[in-house]
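Accompanying notes for the structure given below.
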Amino acid sequence: MILSVPVLATLGLTGVCYLGFVVWMDSVPEGIFAGLFVLSTFSAEVPIVEGSRSNDLELLLVDPVLVAALGLLAVLYSFGQVQRLTRLTFLPLLLAGFIGWTAVSALVGNGPSQSAAVFFTVGRVRMLAVLLAVFAITTIYGFKDVVLAFVPPLAVHAAVALAEGLRGAAFGFTVLGDKTGDLIASKTMFGISYATGLFPGGFIGTSRSLLAVLFLLAPVTAVVLSDKYTGTARWWLLILLPTTLVLLLADTASGLGAFLLLLVLVGGYGLFARATPLGPSGSLVATGVSVLGGLLLLNFRRFSEDQAETSSADTPPDESSVGQTPPGEATDGRETPSPTEPTGGQGTTPSPTESTGGQETTTPPIGSGVSELLLSFVVENLGIRVWLAFTALEVALQYPLFGLGGGNFQLLTRELGLEFGLTAHNTYLSVLVEFGLPGFVLFMSAVGYTYYATLRLALEQRTDREMWMMVLAGLLTFHAFNFWVSLYHGSTVYAIFWAFAAAIAGEYAATCEPSPRFRRIRERIGALR
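Residue numbers (my numbering): -17 to 511.
Have a look at this one:
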């Protein structure tokens, strides 16, 4: 059934007006490419075809601009404006192979819904198109300009998220990608009251989605801005402070752990660079560790005090535990069981003594100490993740070749007793259980190639070594966060990741010295002509 025709008409009219504006400004290439980067960060989804079990084929705001960008790049390539590559890059091939395998998995149809698997594959084709477009754009404008193109939209999303946290609710602009979600807790810091939950995510999606993107892009953005404009520490404070504030609004223990890892990586490299003649590092240590680390520790202490107050008021512990997914929505924006719904696949209502992973565990009372807080997190938050992980591994062993198909594990957990269904809360397990071992190998190979290209660039471009080390820090933090949440099922976060990976691969392919193998291949192609 065709849906949302008025929204599609509005989207088309907006696109025509924007195209007329960039033509009038005589900036067609820059306008279209800028629109690609900006709209790729908006999670607004317009349903096109309604599928079974609430799985729809959807159009994103970025899709019309993506088509225009690919067409423009084809024209520029025909006129020789796209730079020839000096090295082969396997990233597009690996991602294309992974998407091809998701299509095979969808056709096999081991999961509860074949249409969900097919629609999931169509969404991944969009990511491949984004990767190819950004790869070509990077060969024209360079890696640093691509990074700077993400700064304005991310600044808007962070500002909207902060406003939503202070407001205590989402603004409700769902046509732009504003997500709603339940309140986790109300807190006060320095006399300012704010609310935490999934809803303060700007237009990029949930707060977890915004936090993951900031983990990925904030470190390298700070370095690029420092090099391009001032060379001082102010950009580190300007970039990493919003990341800290979004983390406080997201109220996620996994995000806290990932951010502490980021601070260790940034601060550790800063100390290493200061002790060796590799480059400046004062901004890394001063703002990355002391200021933001102090804010986090202060909030952690205040949160323990909040827990003591809620416990004394006989508030159920699971309504305010650190990083717990609020009732009605999962970490990727999907719905999850409320505290009165079955958890862990059991058909009973959770109680202070509940079954976790087949063993009886008594929920400890939440006190004012850090130890009680961590114990509460382990019992109430980690237990369901462990159950999901073991369930995913069991299903992966049952379907090792093709998996269940995209988006089907959540449907399976619904059949196992979770009323709303849950993803595996681990991106890598999600890929393994839904696409089998071949899909997992292709996916991890594409991710691994991004690390390989980053390390090679750090070794070969000595003047930009600090930038590439911050790229590496962002990648490590992003994927560490993905170990505890499943962000791959959304359409926005990994589209941004593959765009960033394409920029890395494009810079590697266009600027590094050609390898002997590539020279031989190019000579053979020339001989055939």
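Glycine is no exception: its CB is placed at the ideal position from the N, C-alpha and C atoms.
Owing to the predicted nature of the structure, the values given are computational and were not obtained by experimental measurement.
Exercise. What are the residues that DSSP puts in a beta bridge with Pro29?
Worked result: As a first step, residue 29 is located in the sequence shown; it is residue number 47 there, counting from the start. BP columns for Pro29 point to Glu40.
Exercise. What is the rounded straight-line gap between the Cα of Val20 and the Cα of Asp127?
Worked result: On the sequence shown, position 38 is the one that residue 20 refers to. On the sequence shown, position 145 is the one that residue 127 refers to. In this structure, the straight-line span from the alpha carbon of Val20 to that of Asp127 is close to 13 Å.
Problem set entry | Own chain partners of Phe391 with C-beta closer than 8 Å, once the 5 adjacent residues on each side are dropped | As a position in the sequence shown, residue 391 is number 409, starting the count at 1. When the five nearest sequence neighbours on each side are left out, the beta carbons in the same chain lying within less than 8 Å of the beta carbon of Phe391 are those of Gly93, Ala374, Val377, Thr405, Ala406, Ser412, Val415 and Glu416, in order along the chain.
Exercise. For Ile166, does the three-state DSSP call read helix, strand or coil?
Worked result: Here residue 166 refers to the residue found at position 184 when the sequence shown is read from its first residue. In the three-state scheme derived from DSSP, where H, G and I count as helix and E and B as strand, Ile166 is classed as strand.
Exercise. Taking the beta strand (DSSP E) that Ala406 falls in, what are its first and last residues?
Worked result: Taking the sequence shown and counting its residues from 1, the one referred to as residue 406 is at position 424. Looking at the DSSP string, Ala406 is not in any beta strand (DSSP E), and its letter there is neither H nor E.
Exercise. Buried or exposed: where does Trp218 fall if 16 or more other Cβ atoms within 10 Å of its Cβ makes it buried?
Worked result: Your numbering for residue 218 matches position 236 in the sequence shown. Classification for Trp218: buried.
Exercise. From which residue to which residue does the beta strand (DSSP E) around Gly179 run?
Worked result: Reading the sequence shown from its first residue, position 197 is the one you call residue 179. Ile174 to Gly179 is the extent of the beta strand (DSSP E) around Gly179.
For this session: Given a cut-off of 7 Å, decide if Phe197 and Phe460 are closer than it, judged by their beta-carbon atoms.
Result: Within the sequence shown, numbered from 1, the residue matching residue 460 stands at position 478. Within the sequence shown, numbered from 1, the residue matching residue 197 stands at position 215. Yes.
Exercise. From what residue to what residue does the alpha helix (DSSP H) around Ile14 run?
Worked result: Translated into the one-based positions of the sequence shown, residue 14 becomes position 32. Where Ile14 is concerned, the enclosing alpha helix (DSSP H) stretches over Val10 to Leu21.
Problem set entry | the region 125 to 143 contacting the region 422 to 436, beta-carbon criterion three pairs below 8 Å | no
Problem set entry | Pair within 7 Å by beta-carbon distance, Thr84 and Arg106 | By one-based count along the sequence shown, residue 84 stands at place 102. By one-based count along the sequence shown, residue 106 stands at place 124. Cβ atoms of Thr84 and Arg106: closer than 7 Å.
Problem set entry | Rounded Cβ spacing between Ala200 and Leu230 (contact assumed at less than 8 Å) | Within the sequence shown, numbered from 1, the residue matching residue 200 stands at position 218. Within the sequence shown, numbered from 1, the residue matching residue 230 stands at position 248. Not a contact, Cβ separation roughly 15 Å.
Problem set entry | Pair within 7 Å by beta-carbon distance, Ala435 and Tyr476 | In the sequence shown, the residue the question calls residue 435 occupies position 453. In the sequence shown, the residue the question calls residue 476 occupies position 494. Taking 7 Å as the Cβ cut-off, Ala435 and Tyr476 do not qualify as a contacting pair.
Exercise. Hey, how far is the Cα of Val47 from the Cα of Gly62?
Worked result: Residue mapping note: residue 47 aligns to position 65 of the sequence shown, counting from 1. Residue mapping note: residue 62 aligns to position 80 of the sequence shown, counting from 1. Computed Cα separation, rounded: 22 Å.
Exercise. On the three-state DSSP scale, how would you describe Met171?
Worked result: Counting from 1 along the sequence shown, the entry for residue 171 is found at position 189. Here Met171 sits in strand by DSSP.
For this session: Measure the alpha-carbon distance for Gly389 versus Val104 and round it to whole angstroms.
Result: Walking along the sequence shown from the start, residue 389 turns up at place 407. Walking along the sequence shown from the start, residue 104 turns up at place 122. Approximately 12 Å, taken between the alpha carbons.
Problem set entry | Reduced DSSP secondary structure (H/G/I, E/B, other) of Arg186 | For the purposes of this step, residue 186 is identified with residue 204 of the sequence shown, where counting begins at 1. Checking the sequence shown, residue 186 turns out to be Ile, not Arg. Coil, per DSSP.
Exercise. Just the Cα atoms here: how many angstroms apart are Val361 and Ser236?
Worked result: Start at 1 with the first residue of the sequence shown, and residue 361 comes out as number 379. Start at 1 with the first residue of the sequence shown, and residue 236 comes out as number 254. In this predicted model, Val361 has a pLDDT of only 45, less than 50, meaning its place in the structure is not dependable; the value taken from the coordinates is given anyway. C-alpha separation (whole angstroms): 15 Å.
Exercise. How many angstroms separate the CA atom of Asp209 from the CA atom of Val453?
Worked result: Position 227 of the sequence shown, counted from the start, is the residue given in the question as residue 209. Position 471 of the sequence shown, counted from the start, is the residue given in the question as residue 453. Asp209 and Val453: Cα-Cα distance of roughly 15 Å.
For this session: Just mark Met451 as buried or exposed, buried being the case when its beta carbon has 16 or more other beta carbons within 10 Å.
Result: Here residue 451 refers to the residue found at position 469 of the sequence shown. So Met451 counts as buried.
Problem set entry | Straight-line Cα distance separating Ser175 from Leu379 | Position 397 of the sequence shown, counted from the first residue, corresponds to residue 379. Position 193 of the sequence shown, counted from the first residue, corresponds to residue 175. Cα-Cα distance, rounded: 48 Å.
For this session: Select from Leu42, Leu(-5) and Leu114 the residue whose C-alpha is nearest the C-alpha of Leu52.
Result: Within the sequence shown, numbered from 1, the residue matching residue 52 stands at position 70. Leu52 has its Cα closest to that of Leu114, out of Leu42, Leu(-5) and Leu114.
Exercise. When you compare only the Cα positions, how much space is there between Ala99 and Tyr381?
Worked result: In the sequence shown, the residue the question calls residue 99 occupies position 117. In the sequence shown, the residue the question calls residue 381 occupies position 399. Taking the straight line from one Cα to the other gives about 15 Å.
Exercise. Given a threshold of 16 other Cβ atoms within 10 Å of its Cβ, counted over all protein chains shown, does Met432 qualify as buried or as exposed?
Worked result: Here the question's residue 432 lines up with position 450 in the sequence shown. Checking the displayed sequence, the identity of residue 432 turns out to be Thr instead of Met. With 16 or more Cβ atoms within 10 Å of its Cβ, Thr432 is classed as buried.
For this session: Write down the C-beta distance between Gly147 and Ala177 rounded to the nearest angstrom, noting that I regard them as a contact closer than 8 Å.
Result: Position 165 of the sequence shown, counting from 1, holds the residue named residue 147. Position 195 of the sequence shown, counting from 1, holds the residue named residue 177. Indeed, because the Cβ distance is near 6 Å, the residues count as touching under 8 Å.
Exercise. Taking the continuous alpha helix (DSSP H) assigned at Asn390, which residues delimit it?
Worked result: Against the sequence shown, residue 390 aligns to sequence position 408. Asn390: member of the alpha helix (DSSP H) spanning Asn390 to Glu397, first to last residue.
Exercise. Counting along the chain, where does the alpha helix (DSSP H) carrying Leu512 start and finish?
Worked result: This structure cannot settle anything about residue 512, because the visible part of the chain is limited to -17 through 511.
Exercise. What alpha helix (DSSP H) runs, 4 residues minimum, are completely inside the region 62 to 132?
Worked result: Counting only runs of 4 or more, we get 73 to 90, 96 to 123 and 125 to 131.
Problem set entry | Cβ shell of Ser9 (< 7 Å), same chain only, five flanking positions each side left out | In the sequence shown, residue 9 corresponds to position 27, counting from 1. Cβ neighbours of Ser9 beyond the five flanking positions: none.
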